[in-house]
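Colleague: Letter by letter, the sequence shown follows residues -9 to 408 of the numbering used here.
Every residue gets a Cβ at the ideal spot worked out from N, C-alpha and C, and that includes glycine.
The following block contains the structure, expressed as structure tokens.
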Amino acid sequence: MRQHLVDETAIDNIVTQAVSGTKITDIHTHIYSANFGPLLLWGIDELLDYHYLVAETMRWSDMPYDQFWAMSKHEQADYVWKTLFIEHSPISESCRGVLTTLDAFGLDTSTRNLAEYRAFFDQEKVGDHIDRVFELAGVESVVMTNDPFDLSEREVWESKGGVQDPRFHAALRLDGLLNSWEKAMPLLKKWGYNVEGQFTDQTYSEVRRFLADWINRMNALYMAVSLPPDFAFPEDSSRGRLLEHCVIPAAREAGIPFALMIGVKKLVNLELRLAGDSVGKSDINVVEYLCAEYPDVRFMVTMLSRENQHELCIAARKFRNLMVFGCWWFLNNPSLIEEISKMRFELLGMSFIPQHSDARVLDQLVYKWSHSRKIIADMLSDYYKKLAATGWKITEEEIRRDVSDLFGGNFWRFVQRR
Ligand code: FIX
Ligand code: ZN
């Protein structure tokens, strides 16, 4: 097939078309398919009540936290809108994201008319809205965060047939098991797993059975857990024992990766609830130990601290069973996406997953991917131009191949589904 050589002047256009035209697999989100009912959050009030915006709002406010939480979602959204968008300019990434999304839906942000925006969402039907958002965001599939310890979610998997939309894939989330064993153990017993108080072979075997049951029920693409900055392994703790004797064997047995999301300092401000988590630098030695100790297990890793990013890239250079992914949470801002992605391109080439949205509200897919696509496109153009400056002849097909790898191909190969 004739290759279409691309000269330097054409690089920007080819990259822009490839980046805007390549459908994305969003490998970590908190959204759900429509049949999960109220678990799927969408619409302007949910956008404004996003925990990122709540944290930013309360910085300007002397309202008692309980008074804010006592308000309805509608009243909270009004307060966030007034505080962050009217009384102050909405330049933060989370604020600008709301406006990017409203604009993408064809709404006029110059009117600043919240009632107008609400009227648009009120007339949307959830199924059509999911289609509209996926189309606007250029997303072809998403991976959910599926927690078997969330009783409302369990019910959908156990009695309503689980996910009904092929665009939505499952990831088995294990915070409930690994980070609070004392609560998990009695629940597992109640669910028919013959676990005991102390860690015996029987307990390990029954936890492995629980994991296998849910991996199969969900057809989970990977298992995941978020971990504190002081996460250590090996460790003579519940988490250490469960990881060693249950989760890692289950990952090997099922042939799926285990995703470690490291560096969350939970609830440094309890009054902020979901918005109250913070960040801490973690120990890269744990990542290197896991990858070295279990070369036949695949690990996806994202770390929350900016200070961990360079050493994570170096660890990924050493271990091919380590897939680095995303600019997570407090790193999902243009200045840090650029810094971290450049580090990764320069140290790992195309062999990483540059971004995930972490969307908690369906509509966030629109802005999170619009903002990241622009940054990634600018970077790729620059790197291809640097190649061209050496006399290297890049082709359009190769640029499309690379973008396809970054936006899903690397992930699907790592989870061994393509
Ligand atoms: O652990 C996680 O999956 C985190 O992404 C969330 O807990 C966090 O609240 C979030 O949504 C960050 O973007
Ligand atoms: Zn998340």
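Buried or exposed: Asp(-4), going by 16 or more other Cβ atoms within 10 Å of its Cβ?
Modeller: Correcting the residue type first, residue -4 is Val in the shown sequence and not Asp. The residue is buried, with at least 16 neighbouring Cβ atoms inside 10 Å.
Colleague: Note the first and the last residue of the continuous alpha helix (DSSP H) segment covering Met369.
Modeller: Its alpha helix (DSSP H) spans residues Gln354 to Ala378.
Colleague: Please indicate yes or no: does the CB of Val348 lie closer than 6 Å to some heavy atom of ligand 1?
Modeller: In the sequence on display, residue 348 carries Asp and not Val. Within the cutoff, so yes.
Colleague: So is the beta-carbon of Ser216 under 6 Å away from any non-hydrogen atom of ligand 1?
Modeller: Yes, the Cβ of Ser216 comes within 6 Å of a heavy atom of ligand 1.
Colleague: Cβ atoms of Lys256 and Asp273: under 7 Å apart, would you say?
Modeller: Their beta carbons are not under 7 Å apart, which means Asp273 does not touch Lys256 by this criterion.
Colleague: For Leu302 and Arg288, what's the separation of their Cα atoms in angstroms?
Modeller: About 15 Å.
Colleague: What span of residues does the beta strand (DSSP E) with Asp16 cover, start to end?
Modeller: Per DSSP, Asp16 belongs to the beta strand (DSSP E) from Ile14 to Asp16.
Colleague: Is it true that the region 210 to 219 meets the region 177 to 197, where meeting means three or more beta-carbon pairs spaced less than 8 Å apart?
Modeller: As far as the Cβ criterion goes, the region 210 to 219 does not touch the region 177 to 197, which means the pair count is below three.
Colleague: Beta-carbon separation of Gly398 and Thr19 under 7 Å?
Modeller: No, Cβ-Cβ distance for Gly398 and Thr19 is not below 7 Å.
Colleague: Please classify Asn136 as buried or exposed, where buried requires at least 16 other C-beta atoms within 10 Å of its C-beta.
Modeller: That one is buried.
Colleague: Take Gly11 as the anchor and find which of Ala282, Glu130 and Pro285 has the nearest alpha-carbon.
Modeller: Closest option to Gly11, Cα to Cα, is Glu130.
Colleague: If Ser360 sits next to Ala8, beta carbons under 8 Å apart, how far is it from one beta carbon to the other, in whole angstroms?
Modeller: In fact, because the Cβ distance is near 16 Å, the residues do not count as touching under 8 Å.
Colleague: Between the Cα of Met333 and those of Ile17, Leu370 and Lys115, spot the shortest distance and give me the residue it belongs to.
Modeller: Considering only alpha carbons, the answer is Leu370.
Colleague: Would you check whether ligand 1 has a heavy atom nearer than 6 Å to the C-beta of Trp319?
Modeller: Yes, the beta carbon of Trp319 sits closer than 6 Å to at least one heavy atom of ligand 1.
Colleague: Return the residue from the list Leu162, Val197 and Gly187 that minimises the CA-CA distance to Asn206.
Modeller: Per the Cα distances, Leu162.
Colleague: Could you check where the beta strand (DSSP E) with Glu130 kicks off and where it finishes?
Modeller: Segment Val129 to Val133, the beta strand (DSSP E) holding Glu130.
Colleague: Once DSSP output is grouped into helix, strand and coil, what is the label at Phe397?
Modeller: Helix.
Colleague: May I ask you to report which of helix, strand or coil DSSP gives Tyr69?
Modeller: Correct three-state label for Tyr69: helix.
Colleague: Have a look at the DSSP bridge pairing and note the partners of Arg415.
Modeller: Examination of residue 415 is not possible in this model, given that the chain is present from -9 through 408 alone.
Colleague: Take every Cβ of the region 73 to 84, pair it with every Cβ of the region 40 to 49, and state whether three or more of those distances are shorter than 8 Å.
Modeller: Contact holds: three or more Cβ-Cβ distances are below 8 Å.
Colleague: Any idea what DSSP makes of Met48, helix, strand or coil?
Modeller: Met48 falls in the helix class under three-state DSSP.
Colleague: Alpha carbon to alpha carbon, what distance is there between Pro54 and Leu338?
Modeller: In a straight line, the C-alpha of Leu338 is about 47 Å away from that of Pro54.
Colleague: Rounded to whole angstroms, what's the CA-CA distance from Met293 to Ile34? Just pull it up for me.
Modeller: Each residue's Cα considered, the two are about 30 Å apart.
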